[in-house]
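Heads up: the sequence shown begins at 563 in the working numbering, then just goes up one per residue.
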Amino acid sequence: MSTPIAVIGLGIMGSRLAGRLLDAGFALRGYDPDPERADDFRRAGGTMTSSPAQAVEGGEIALLSLLTSGVSREVCLGNDGIASSLQRPLLVLDATTGPTEDARSIGGELAAVGIDYADMTVSGNAAVAQRGELVVMLGGSDAAYEKARPIMEAIGRSHHHIGPVGSGATMKLIVNHALAVHRGVLGEALVVAEQAGLDPASALTVLEDSAAYSRAMDLWGQRMVDAVHDQPNARLRQSHKDARLILEHAAALGAPADLMAVAQQQLQEGEEGGLGDLDNSSVIEVVRRRAGIGRIPNVERGIEGDDPS
């Protein structure tokens, strides 16, 4: 692709997406207000800009990876936002996890000023993103899907056109719904094994080889066994935010989400106990504390309300 891609949001996930695109030969223009992230992006080979509007100059695609859809709205429609740019044609690919209705609303307001929008959500954590093995789920027009194809192929092992704008956001919530439950159940099972006198590492090996296997074991199993959570691929507080969105989504549909409610309670207890900035595998420490077998002093203090750092 001859024109540069704008990447807005260079945190845990956005920086990995940018790295994949740079490795694939794309020229990137970036924006993130965090100076350290900006410096890392420059060192990696990107061109840093001073605003979202400046980031999209000279290009036809902007990729957003932001904390909430509220931040996405501000980036798209706020002061010095994407909508204030005169750059056309322009396609915004929003990888932010948020409510379906927010994606539709942002997409509609951008369409009113001649900018195309697709909610291009991804499944996978930062380590998966760094390997280019994400699953990409796009909600948008056929034209947007085709235009996004080179981006999706650079960052993912597969990509799916889910439907119109909003459907990518919906599918991401559904994926995260299942993942949150799998993660919580895995933590519980490993703690039960430990309480029963089994070696947790051996228990994980058997689980991985059994009918109980799920990708949750690949993502979090070893971290849970080793109780190493201080290099986050995805922070627990972000997973807790997503859990609240998932429950709100299910409630709006009148759909039961009983198991998800339990997973959300675990995440809430973890965040309130000081685990929010740790990897979301640290949800097992909530279960360990309840069982009275906390294994890492700083994590155990964090659950009791102290700063886990």
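All C-beta atoms, glycine included, are put in the ideal place defined by N, C-alpha and C. Please read these numbers as outputs of a predicted model, since none were measured by experiment.
The three-state secondary structure of Arg-582, taken from DSSP, is helix. For Ala-763, same chain residues with a beta-carbon under 7 Å away, outside a window of 5 residues either side, are Val-787 in chain order. By the criterion of at least three beta-carbon pairs nearer than 8 Å, the segment 769-789 is not in contact with the segment 818-831.
Going by DSSP, Gly-592 is part of no alpha helix (DSSP H) but of the beta strand (DSSP E) stretching over 590-593. In the structure shown, Tyr-707 adopts helical secondary structure according to DSSP, grouped into three states. Of Arg-719, Ala-589, Gly-783, Arg-578, the smallest CA-CA separation from Asp-602 is found for Arg-578. Taking 8 Å as the cut-off, the beta carbon of Gln-692 is found closer than this to the beta carbon of Gly-581. The beta strand (DSSP E) runs of length 3 or more contained entirely in the segment 660-697 are, from start to end of the chain, 678-685.
Listed in chain order, the non-local C-beta contacts of Glu-750 below 7 Å within the same chain comprise Val-849, local neighbours out to five positions each way being set aside. Residue His-744 holds the alpha-carbon nearest to the alpha-carbon of Trp-782 among Glu-756, Glu-695, His-744.
Less than 8 Å divides the Cβ of Ala-665 from the Cβ of Asp-656.
Taking the CA atoms as reference points, Val-845 sits about 7 Å from Gly-746. When Cβ pairs closer than 8 Å are counted between the two stretches, the segment 587-597 is seen to touch the segment 564-575, the count reaching three or more. Taken through DSSP and simplified to helix, strand or coil, Gly-838 comes out as coil. Pro-614 places its beta carbon less than 8 Å from that of Gly-643. In the three-state DSSP reduction, Val-768 falls in the helix class (H, G or I).
In the DSSP assignment, Ile-567 is bridged to Leu-590, Ile-623. In the DSSP assignment, Thr-658 forms no beta bridge with any residue.
As the crow flies, the alpha-carbon of Arg-719 is around 13 Å from that of Asn-687. Its Cα nearest to that of Cys-638, the residue Ala-674 stands out among Ala-674, Met-610, Ser-843. Setting aside the 5 residues that flank it on each side, Met-779 is surrounded in the same chain by Leu-748, Leu-766, Leu-769, Glu-770, each with a C-beta closer than 8 Å to its C-beta; the list follows chain order.
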